[in-house]
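Here is the structure we will look at.
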Amino acid sequence: MNETGVSRKPFFYDVTLRDGNQALKKPWNIKEKEIVFKALLELGVQGIEVGFAAASDMDFDAVKHLASLANDKVVVSTLARAKEYDINKAYEAIKDAKKPRIHTFIALSPFAMKYVLKKDPKDVQKIAVEMVAYAKSLLGEKGEVQFSAEHFGDSLENLDFVIETFEKVIEAGASIINLPNTVERYRVSTFVNMVKRVVERIGDKAIISVHCHNDLGQATATTVESFFAGATQLEVTLNGLGERAGNTNLYEVAVSLYNCGVPVDLNFSKIYETALLVEELSGVPICEKAPLIGRDALAHRSGIHQDGSIKTKNMKKGAYRPIDPEFIGRKGEILEFTSQSGKSAIYEILSSHKWPITIEEATYLQPVLKKKAEEKGALDFNDIVEEYKKHILNVDGPFKVLEFKELHKEDGNQFYFLKLQYNDKIIKDECVGDGPIDAFINLLNSHGFNLKLEEFAQEAFDIEQKGSSAQALTTIKLKNLNTGKSVIARGMDPDTREANIKAIVNGLNLLFREK
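Each residue of the sequence shown is one higher than the last, beginning at 8 in the working numbering.
Now the structure itself:
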């Protein structure tokens, strides 16, 4: 039992190979359908509508082929109009499946019966009952019959008649009653309340199913709420493929139910992989803002959102995400720096790529990157590294007060000769110390800087991150004894001595840049 009080499991009935395929500009051939079919088996859906056997010879052959591949864990179905010809073709195509189903349908809405079928309601009801009985006579006990009232969503004004028809087709052999929102026109609650009325009348005489189109962008919400209203079978498609604006998206419904505590028997880790496969096969691009599978679905650009995302990235529930990305087969949340981003994003982006960075350094970089982003738009990783090198590994710009010119050691003694420029003045002197760093600081202190080296570390850093371009990276903590202020500074160079000197120069520029 979950927090909503629903203990039953949803039955995911995927119609990508039928409803999704028929809406493609270039419908799939048998080989392509087989690829999608196997992907659905990997996902673990409980039912698959593999085609419309009477639509064409190719569709008939595809249905027959896929039915032969199915295991005994999945229902394999084909669509058929409420006509003997269609039902015969459906049976011939599907009969070899281990769990076959014939899905037959006819419109029961007043509008469709009057203007499309041009038949009296009683005649339509009679056709529905007779064709369900015929389909069941072919399948016998081996298979099941599903009946759909096309345009059920338009049947509010004659709902009692529709439910009466459902009761009659159940007596004739239908074990699944499907309620399609064939064209989405109204509020979610309008359709869901209709589902409730059917559930109340039908009870446990048949499984109630819903099939929702996305004309108003509410198909997922309608499907999820219909489940809680009593529908058990949920008709969905991969990537939301389908006529017009598409059908209910499998991934959105599955994750919504999972988040509500409903036990969902699907392989969630295959979702993203399957979405990309279907995008490639269908030629229908995934919208970058598509829930769960879109490129931007797990991206953060606002500083507030980035900060919350970073602080909760290792938690089951994230501050700004609906699901753990790895749960659905994605690598993780995406942070992208724009003019709206903050220091937390800079820190996370660089540190996740193993670049050394402190939050203080990120704070220093933030206005620089914001200005660049205002001109360019979103910055990629290389843009950020470029500014990092310029402003962290070589502190310059308006803050530069000291520039290193030259340092060398005279052969045979411990004296170093140093030349640097400070506030437009050249300092050129000799210094002594235990190595170049100590000598350099001694010289600076003799000129009134009053510095203390608090920490020192040096490591080999692969600047290209390709294993072939290592340089020396020196990190120091330098303190101004006059003010008590300390800074972290870095220097990078192929030469270890040069890296050390650059770190000290950078530290000085950070300490004195306010002047």
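Using N, Cα and C, we set each Cβ at its ideal position, and we do this for glycine too.
- Judged by their CB atoms, D68 and I37 are nearer to each other than the 8 Å cut-off.
- With fewer than 16 neighbouring CB atoms inside 10 Å of its own CB, A467 falls in the exposed class.
- Per the C-alpha coordinates, the member of F234, R504, K277 and H158 positioned closest to V199 is F234.
- Inter-residue distance for N489 and I356 is about 35 Å (C-alpha atoms, whole angstroms).
- In summary, M201 is buried, with 16 or more beta-carbon neighbours lying within 10 Å of its beta-carbon over all protein chains present.
- DSSP places L31 in the coil class of the three-state scheme, outside both helix and strand.
- The beta carbon of S453 sits closer than 8 Å to those of D436 and C438, all from its chain and outside the five residues before and after it, given in chain order.
- Taking 8 Å as the cut-off, the Cβ atoms of E343 and A385 count as close.
- Contact annotation: P329 and N389 have beta-carbon atoms that are not nearer than 8 Å.
- A Cβ-Cβ distance of about 12 Å is found for the pair I183 and V205, leaving them out of contact under the 8 Å criterion.
- Annotation for E157: F112, I113, A114, L115, S116, A119, P187 and T189 place their beta carbon closer than 8 Å to its own, counting only its chain and skipping 5 residues before and after.
- DSSP, reduced to helix, strand and coil, places A114 within a strand of the structure shown.
- Apart from sequence neighbours up to five positions away, the residues of its chain that approach I366 with a beta-carbon distance below 6 Å are Y354, ordered along the chain.
- By the neighbour-count criterion, in which 16 or more other beta carbons inside 10 Å mark a residue as buried, G147 falls on the exposed side.
- The closest CA to that of E259, considering only I335, D130 and L288, is found on I335.
- Secondary structure note for Q240: its beta strand (DSSP E) is the uninterrupted segment Q240 to V243.
- Looking at the backbone, the Cα of H220 and that of A252 are separated by about 7 Å.
- Spatial neighbours of A506 in its own chain (CB-CB distance under 6 Å, excluding positions within 5 residues in sequence) are listed in chain order as A479, T481, G498, M499 and D500.
- Taking C-alpha positions only, L284 is separated from A74 by approximately 22 Å.
- The segment 184 to 233 contains, as complete alpha helix (DSSP H) runs of 4+ residues, the segments 195 to 209 (chain order).
- For L488, there is no enclosing beta strand (DSSP E), since its DSSP letter is neither H nor E.
- Distances from the CA of E91 to each of D445, S144, K323 and L50 were compared; the closest alpha carbon is that of S144.
- About 7 Å separates the Cβ atoms of V81 and L48, confirming a contact at the 8 Å cut-off.
- Using a Cβ distance threshold of 8 Å, K486 and L458 count as a contacting pair.
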